[in-house]
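These notes are about the structure you will find just below.
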Amino acid sequence: MEGYRCPGQSHRNLKAELHQCPACGYQVEIIAKYRKMHLFNVTLPDGSSWRESELITAGNEVVKVATSKAIFGFSICYDLRFPELYRKLAKGGAQIVFIPSAFTLETGKDHWETLVRARSIENQFYVIAPNQIGRDSQGRRYWGKSMIVDTWGTVLAKAPEKECVV
699 MEGYRCPGQS HRNLKAELHQ CPACGYQVEI IAKYRKMHLF NVTLPDGSSW RESELITAGN
759 EVVKVATSKA IFGFSICYDL RFPELYRKLA KGGAQIVFIP SAFTLETGKD HWETLVRARS
819 IENQFYVIAP NQIGRDSQGR RYWGKSMIVD TWGTVLAKAP EKECVV
């Protein structure tokens, strides 16, 4: 991938925390940052809840990075449920889209693979979708099963149910 990477991270500014997906060049300089547009505010059937809007400021820009190999697009987690973002990436020429995520066990088992494959099929681009696995400090469980999907929706690689590199 020409020395570029896309780790999911959080960045703190004076106002609020922003979920970001930075792309770094060969010299590890940040060449682009995508800020999560769609914030996860939900109460699940088990009573657990998330209120990202209480902590995070949503971004408002579609972000792509052109390299000599491909045009890369970016999104984060809950953005996956909003197909219009991916249509904009596709119309802007994105060929490979990164979707670092933290889908929970509850939502992941029913929605993760279906949504990742749908976005690749709808827009005819590759998707690289790392997803958190295990438990967080609050005991919440995450689905994992990171995957790489081609333009036909075929899963080219999928993580097993443990920490690993895909």
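Counted the way the numbering used here counts, the sequence shown spans residues 699 to 864.
Beta carbons: idealized from backbone N, C-alpha and C, even for Gly.
Only a predicted model underlies this, so the values are computations on that prediction, with no experimental measurement involved.
- In the structure shown, HIS736 falls within a coil segment according to DSSP collapsed to helix, strand and coil.
- Within the same chain, no residue comes within 7 Å of ALA816 by CB-CB distance, once the 5 residues on both sides are set aside.
- If you draw a straight line from the Cα of PRO858 to the Cα of LYS843, it is about 6 Å long.
- Taking a contact as a CB-CB distance under 8 Å, the pair GLN822 and ALA768 does not count as one, their CB atoms being some 13 Å apart.
- With a minimum length of 3 residues, the unbroken runs of beta strand (DSSP E) contained wholly in the segment 722-810 fall at 728-733, 739-741, 747-749, 762-764, 769-772 and 794-796.
- Taking all protein chains in view, the Cβ of PRO743 is surrounded by fewer than 16 other Cβ atoms within 10 Å, so the residue is classified as exposed.
- In its chain, beyond the 5 residues on either side, ILE826, LEU854 and ALA855 have a beta carbon closer than 6 Å to the beta carbon of ILE846.
- Around the C-beta of LYS734, 16 or more other C-beta atoms lie within 10 Å, and the residue is accordingly described as buried.
- Scanning its chain for C-beta atoms nearer than 8 Å, with the 5 sequence neighbours on each side dropped, one finds around VAL814 the residues LEU778, ILE797, VAL825, ALA827, MET845 and VAL847, in chain order.
- For the pair LEU803 and THR812, the Cα-to-Cα distance works out to about 14 Å.
- Excluding the 5 residues flanking it on each side, THR805 has no same chain C-beta neighbour closer than 7 Å.
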